[in-house]
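Okay, so here's the structure we're looking at.
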Amino acid sequence: MSKLTVKALKELKGQRKIAMCSSFDYFHARACELAGLDAIGAAGSFINFFVRGRLSANDDTLEDALLALEGVRNGAPNTFIFMLPPFADEFCGVEQSLRNSATLYAAGADAIRIQGASKTKLQKMEVMTQEGIPVGGHLGLMPRFTTWFGGFKCQGKNARDALRIYEEAKRVKEAGACWIELECVPYKVAAEITKRVGIPIIGIGSGPDCDGEVQVHLDTLGLQNFHIPKHSKVYTRFHEESIEHVTTYRNEVVGGTFPTTDYGFKIDDDEFDLFMNEVEKVS
């Protein structure tokens with residue numbers, strides 16, 4: 373399997389659907405690559421989720437992002453990986469953001485994904501593109517800015533907001549983005565944006581007519597036992613299954629049914645007799 377290039381990614385628009393997901397560690401990234409996903413997204417916030425148990429997307433650092441990238445890249449060496457910069461990057465200037473992104477790019481990221489379409493964000497996209505760092509956009513619901521939306525809510529449900537997102541998508545494309553992630557936008561609006569903006573539009577909760585889909589496998593694999601977003605299809609209940617399996621393991625150990633000799637290693641009878649003779653001598 374050869375790694376997807378930026379050129380190949382853009383050429384997939386109108387050819388076939390593009391399958392992306394988030395990944396959080398080496399083992400999951402390995403599964404994603406073996407399953408043939410086109411691209412994987414990673415972020416330092418996954419270190420907070422899966423290592424520290426902090427369920428926030430707003431306190432990861434560059435060091436966290438680099439740690440997440442290391443695991444995902446090692447697990448998926450032949451897959452296109454895009455990184456979400458650390459949270460503080462949302463508020464720093466273009467120069468600092470370029471340094472952060474260059475650090476991630478040098479560490480193995482194939483692209484950087486930027487949320488929003490403010491003047492500064494567009495400048496960042498333009499500068500990174502000029503410097504040769506591929507960039508993706510993210511519009512609609514942006515998890516790092518949910519306080520402005522009143523929580524995790526669908527965006528673009530009225531004509532004014534839908535038009536704003538469409539105009540933002542055009543500006544993000546002009547700034548050099550190679551693709552746009554469109555999160556929780558009404559599917560009719562998303563379909564029109566996909567039709568009218570000439571780069572891949574990757575949906576998440578934005579209907580079936582986008583150029584592809586990205587999902588958070590924390591949700592789709594059932595790795596957690598709290599809220600599952602409306603847009604996530606749960607393919608397996610890993611959290612519940614883990615509890616069931618660990619409970620069975622605990623009961624077998626306490627009850628003496630596991631382990632049995634089938635799970636151990638033999639010693640030749642002659643060697644065991646010699647061992648026992650020596651034991652008797654020193655006992």
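So the sequence shown is numbered by the numbering used here: it starts at 373 and just counts up by one.
Built from N, CA and C at the ideal position, the CB exists for glycine as well.
Since this is a predicted model, take the numbers as computed values, not measurements.
For residue j and residue i, the rounded distance between their alpha carbons
i      : j      : result
Gly508 : Met392 : 13 Å
Val588 : Arg622 : 31 Å
Lys545 : Phe396 : 28 Å
Glu616 : Arg424 : 24 Å
Thr619 : Ala407 : 30 Å
Lys605 : Glu613 : 17 Å
Gln495 : Lys525 : 27 Å
His599 : Ala547 : 35 Å
Arg532 : Glu564 : 15 Å
Phe399 : Gly628 : 32 Å
Arg568 : Ala489 : 18 Å
Leu439 : Ile419 : 8 Å
Thr475 : Ile505 : 11 Å
Ala380 : Asp410 : 10 Å
Lys493 : Gly413 : 19 Å
Cutoff 6 Å; reference residue i; Cβ partners in own chain excluding five residues on either side
i      : result
Asp461 : Ser469 and Asn472
Phe422 : Phe396
Burial state of residue i (16 or more Cβ within 10 Å)
i      : result
Ser417 : buried
Asn450 : exposed
Phe637 : exposed
Ser374 : exposed
Phe670 : Because the chain in this structure spans residues 373 to 655, residue 670 falls outside the shown range and cannot be described.
Asp482 : buried
Gln502 : exposed
Val444 : buried
Own chain partners of residue i with C-beta closer than 8 Å, once the 5 adjacent residues on each side are dropped
i      : result
Lys529 : Pro558
Pro458 : Gly416, Asp432, Thr433, Leu434, Asp436, Ala437 and Asn472
Leu595 : His589, Phe610 and His611
Arg516 : Ala429, Asn430, Phe459, Glu462 and Gln487
Glu498 : Ala547 and Gly548
Residue i in three-state terms, based on DSSP
i      : result
Arg526 : What sits at residue 526 in the sequence shown is Cys, not Arg. Looking at Cys526 - three-state DSSP - the assignment turns out to be coil, as it is neither helix nor strand.
Arg568 : helix
Met514 : coil
Val606 : coil
Ala547 : coil
Gly594 : coil
Ser469 : helix
Ser394 : strand
Ile554 : First, the amino acid is wrong: residue 554 is Leu here, not Ile. Reduced to three states, the DSSP call for Leu554 is strand.
Val618 : helix
Val586 : strand
Gly627 : helix
Ile576 : strand
Ile412 : strand
Ile537 : helix
Neighbourhood of residue i by C-beta, 7 Å cutoff - its chain only, sequence neighbours within 5 removed
i      : result
Thr566 : Ile573, Asp581, Cys582 and Asp583
Let me know the beta strand (DSSP E) ranges lying completely inside the segment 418-456, each 3 residues or longer, listed in chain order. 452-456
Return the chain-ordered ranges of every alpha helix (DSSP H) run that is complete within the segment 476-513 and spans a minimum of 4 residues. 491-502
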